[in-house]
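In case it helps, mature numbering (1 follows the signal peptide of the UniProt record, and there is no 0) puts the sequence shown at residues -21 to -1, 1 to 521.
Every residue gets a Cβ at the ideal spot worked out from N, C-alpha and C, and that includes glycine.
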Amino acid sequence: MARHPFLCLGVLLLAYTVINATRVKRQEEEGGDDVTAEQLCDGRPGDEYFRLTTDGDCREVVRCDQGGENSVTRLATVRCPGGLAFDIDRQTCDWKPHVKNCDKIEKPRKVMPILKTDEPICSEGKLACGSGDCMEKELFCNGKPDCKDESDENACTVELDPNRAPDCDTNQCRLPDCFCSADGTRIPGAIEPNQVPQMVTITFNGAVNVDNIDLYEQIFNGNRHNPNGCQIRGTFFVSHKYTNYAAVQELHRKGHEISVFSLTHKDDPQYWTSGSYDDWLAEMAGGRLIIERFANITDASIIGVRAPYLRVGGNKQFEMMADQYFVYDASITAPLGRVPIWPYTLYFRMPHKCNGNAHNCPSRSHPVWEMVMNELDRRDDPTFDESLPGCHVVDSCSNIQTGEQFARLLRHNFNRHYTTNRAPLGLHFHASWLKSKKEFRDELIKFIEEMLEKNDVYFTSLIQVIQWMQNPTELSQLRDFQEWKQDKCDVKGQPFCSLPNACPLTTRELPGETLRLFTCMECPNNYPWILDPTGEGFNVRK
Ligand SMILES: *[C@@H]1O[C@H](CO)[C@@H](O)[C@H](O)[C@H]1NC(C)=O
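Rendered as C-alpha cells:
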C-alpha cells in the first residue's frame, strides 16, 4: 500500500513509482558524473524528499528507499499532480504559485546528534552533539538549542528523542489510569469482540451558532436512544469566535460533551505546530474559561481539546494539558490500517506512526488520553478499488459527492470496526459539510437509526468512551453500566433561557469588529479574546 507521510491538499494523489535503476544523473555534480543512489542516500533519512534536478516543472522528487529486496538502496519517485509543485522546505505538494523553492535541490541539512555509537562518547547521563561535545541528556529535545551546532534539537521524533516515552509495558500500564498495547489494536479488559459495544463517536468542530444549531437539533432530536435507554450523544469541539453560548449551554444541558477547539482558531497551521507552552495555555485553557463562563458550565466537564487543523503541538501542548487537568486530546490521526486503533494513554509511546499533523506528535510520557482519529477508508468500492490514503474528517474524504456514496462510506467503515476489534468509530464533521447537501444529513440520520436497531451499537461522547475503557463491561451487563446512566440519561424540559442576551461587543484585539456574543449570562464589557478571556478588561501582559 502506497502511503505518503504528508498531507497532500487532502485529495490530490501522487503517482508513486520506484525507479529500479540505481545510477542516476545529477546535474550539479562536477563534470556531470553519475552518482549512485547509495551516494545520494548516504546519511539521508528515508522520509526526506529531494530533487534530482532543478530543470523541468518542479513536480518530481525522490526519496531513498532502503527497504527493497537484498536491502538495495533505490530511489522512489513521487510526482505532484498537474498544477502543483513540490515544496522542498515543507515537503509537500502545493499550488505552483505558492512554491518558492523550485531552484533548491534539497532541504538544508540539519546537524544530527551522535546518539548511536558502539562505545559511548560521553560520560553517563550525557549524550554527544553533532560536534562530539557532550551535553546533559535532559537538555536534548527540550525545545531550545543547547549544543553549539543546535543538534540536540534535531532528532526529536517519537522514535528518536533520547527522553522519549518507553515502549508499552502492559505490566506497568494498567487500567483505569493507563492503557496501551503494542500495536494499539487490543481491546481493553481483553473482552471478546462480540461482547464489546460498538461505540460510535460523532464529533463537530467549530463555532456553534445559527448556521448549525438546527442541524444539531435534527440529529440529536431527543427521540433517538441507545440500547440502554439513554439519548444518543455527540461531542462538540467549540471554537470561540461567532459561538452562541446560550446554544452551547443547551447542548451541555442535554448531555452532549463540550470540548475546546481553541480560542482564536488562528488561520496559520504553523502557529499550532510550533506554538509555545503559553500559546497553548492561552488558546485552550483560555477557550475553556470562556465557554465555562458564558455557557455557565460549572461541573468541570470540559476536559478535552482538539488542535485546529489537527496540528498537534508536540510535547508543549501535552505538558500544558497535564498541568491544566485536560484529560484527553483528540487530534492525532492514525494511518488507515487493516485493524483500527483503540484510544490509548500517552504514558508510553504511541502505538502507530505519527501520521500527518506536521509530524509533531508528543515524544515524551504524558498523563493524557489520546482519543486517536482512525482514518476512514474512502474507497467507493472497497472490494474492487485499489487502496487510497484514508481521510480523518469526513469532509476531507473529497471523493464523497452524493448521499449514496456517503451512505456506503458510513457502512463500510462501520463494518471495518464492527467485524474486527470494535475500536470506537469516530465520525468527525464540520457542520457546513453536512449542511451542504440535504442528502448528507438525511443519510447520517438514516445510518444512526439503522445502527440503533442492532442493540449493540452506542452513540457516545468521548468521555463515555474513556469511562467504558476504564471499566470494560461486556454487552450483557451494559444496560446497567452506571457511568453511562447516572445523570442526563433522558433529558426533557426547556432551555435555561428562552431569550439570551445578544451582547454587541468589541475588543482592542480585533480592531474595527463588533461581534455579538449570545449568552444567558450577563454581558461582559469587551468581546473576550486571547489577552482578555473574561472580557472584563484588557490586561497588558508583561
Ligand atoms: C449557573 O449554573 C449554576 C449551577 O448549575 C446555577 O446555580 C446558577 O443559577 C447559574 N447561573 C446563572 C446566572 O444562570
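Exposed unless 16 or more other CB atoms sit within 10 angstroms - verdict on residue i
{"i": "G10", "result": "Only weak support exists for where G10 lies, its pLDDT of 43 falling under 50; the coordinates are left without a value."}
{"i": "N173", "result": "exposed"}
{"i": "D21", "result": "exposed"}
{"i": "E236", "result": "buried"}
{"i": "C482", "result": "buried"}
{"i": "D131", "result": "buried"}
{"i": "R2", "result": "Summary for R2: the model assigns pLDDT 40, below 50, so the residue's position carries little reliability; its value from the coordinates is reported in the next sentence. With fewer than 16 other Cβ atoms within 10 Å, it is exposed."}
{"i": "G369", "result": "buried"}
{"i": "V137", "result": "buried"}
{"i": "G472", "result": "exposed"}
{"i": "L154", "result": "exposed"}
{"i": "K295", "result": "buried"}
{"i": "Q210", "result": "buried"}
{"i": "P330", "result": "buried"}
{"i": "G293", "result": "buried"}
{"i": "W251", "result": "buried"}
{"i": "L478", "result": "exposed"}
{"i": "G61", "result": "exposed"}
{"i": "Y304", "result": "exposed"}
{"i": "D364", "result": "exposed"}
Residue i to residue j span [Cα, whole Å]
{"i": "L413", "j": "R420", "result": "6 angstroms"}
{"i": "Y221", "j": "P322", "result": "31 angstroms"}
{"i": "M178", "j": "K233", "result": "19 angstroms"}
{"i": "A225", "j": "K83", "result": "53 angstroms"}
{"i": "R387", "j": "T362", "result": "12 angstroms"}
{"i": "K127", "j": "S342", "result": "23 angstroms"}
{"i": "N188", "j": "N223", "result": "5 angstroms"}
{"i": "Y28", "j": "D308", "result": "30 angstroms"}
{"i": "E501", "j": "N480", "result": "7 angstroms"}
{"i": "I442", "j": "M448", "result": "10 angstroms"}
{"i": "S344", "j": "V14", "result": "43 angstroms"}
{"i": "I320", "j": "G491", "result": "47 angstroms"}
{"i": "K123", "j": "E103", "result": "22 angstroms"}
{"i": "L19", "j": "V51", "result": "13 angstroms"}
{"i": "D148", "j": "F158", "result": "10 angstroms"}
{"i": "N121", "j": "A144", "result": "14 angstroms"}
{"i": "K332", "j": "K89", "result": "22 angstroms"}
{"i": "G35", "j": "R165", "result": "48 angstroms"}
{"i": "S366", "j": "T493", "result": "48 angstroms"}
{"i": "W463", "j": "C476", "result": "27 angstroms"}
{"i": "K4", "j": "V57", "result": "Here K4 scores only 43 on pLDDT, less than 50, and its place in the model should not be relied on; the value that follows carries that caveat. When rounded, the distance between both Cα atoms is 17 angstroms."}
{"i": "L457", "j": "D156", "result": "21 angstroms"}
{"i": "L31", "j": "L63", "result": "18 angstroms"}
{"i": "A134", "j": "P167", "result": "33 angstroms"}
{"i": "D193", "j": "N275", "result": "22 angstroms"}
{"i": "T312", "j": "Y288", "result": "11 angstroms"}
Per DSSP, the bridge partner or partners of residue i
{"i": "I93", "result": "A107"}
{"i": "D278", "result": "According to DSSP, D278 bridges with nothing at all."}
{"i": "Q177", "result": "V436"}
{"i": "D511", "result": "W508"}
{"i": "W321", "result": "DSSP output for W321 lists no bridge partner at all."}
{"i": "H204", "result": "Q210"}
{"i": "Y304", "result": "Y304 is not bridged to any residue."}
{"i": "M352", "result": "T312"}
{"i": "F216", "result": "N184, S238"}
{"i": "D66", "result": "T71"}
{"i": "T149", "result": "According to DSSP, which records beta bridges pairwise, T149 is partnered with nothing at all."}
{"i": "R495", "result": "P483"}
{"i": "C120", "result": "In the DSSP output, where bridge partners are listed per residue, C120 has none listed."}
{"i": "L404", "result": "V179"}
{"i": "C370", "result": "L355"}
Distance between beta carbons of residue j and residue i, contact taken as under 8 angstroms
{"i": "L260", "j": "I509", "result": "10 angstroms between Cβ atoms; not a contact."}
{"i": "R38", "j": "C59", "result": "4 angstroms"}
{"i": "R239", "j": "R267", "result": "A small fix is needed here, since residue 239 is Val in this sequence, not Arg. Right, their Cβ atoms sit about 5 angstroms apart."}
{"i": "G213", "j": "T182", "result": "7 angstroms"}
{"i": "F215", "j": "L230", "result": "6 angstroms"}
{"i": "L406", "j": "H396", "result": "At roughly 11 angstroms, the Cβ-Cβ gap does not stay under 8 angstroms, so L406 and H396 are not in contact."}
{"i": "L454", "j": "D435", "result": "5 angstroms"}
{"i": "R285", "j": "N184", "result": "7 angstroms"}
{"i": "P87", "j": "F119", "result": "21 angstroms between Cβ atoms; not a contact."}
{"i": "L325", "j": "E349", "result": "6 angstroms"}
Exercise. Are there three or more Cβ pairs, one per stretch, closer than 8 angstroms when the segment 333 to 342 is compared with the segment 463 to 481?
Worked result: In the pairwise beta carbon analysis, the segment 333 to 342 is classified as not touching the segment 463 to 481: fewer than three pairs are separated by under 8 angstroms.
Exercise. Is the segment 359 to 376 in contact with the segment 397 to 416, if contact means three or more CB pairs nearer than 8 angstroms?
Worked result: Below 8 angstroms, enough C-beta pairs join the segment 359 to 376 and the segment 397 to 416 to call them touching: three or more.
Exercise. Does the pairing of the segment 255 to 269 with the segment 291 to 305 give three or more beta-carbon distances under 8 angstroms?
Worked result: Yes, they touch.
Exercise. Should the segment 383 to 397 be regarded as contacting the segment 350 to 358, the criterion being three or more beta carbon pairs within less than 8 angstroms?
Worked result: Verdict: yes, contact present.
Exercise. Do the segment 423 to 436 and the segment 193 to 203 meet, that is, are 3 or more Cβ pairs less than 8 angstroms apart?
Worked result: Result yes; three or more Cβ-Cβ pairs closer than 8 angstroms.
Exercise. Near ligand 3, which residues have their beta-carbon closer than 5 angstroms to a heavy atom?
Worked result: With respect to small molecules bound, the structure shown includes ligand 1 and not ligand 3.
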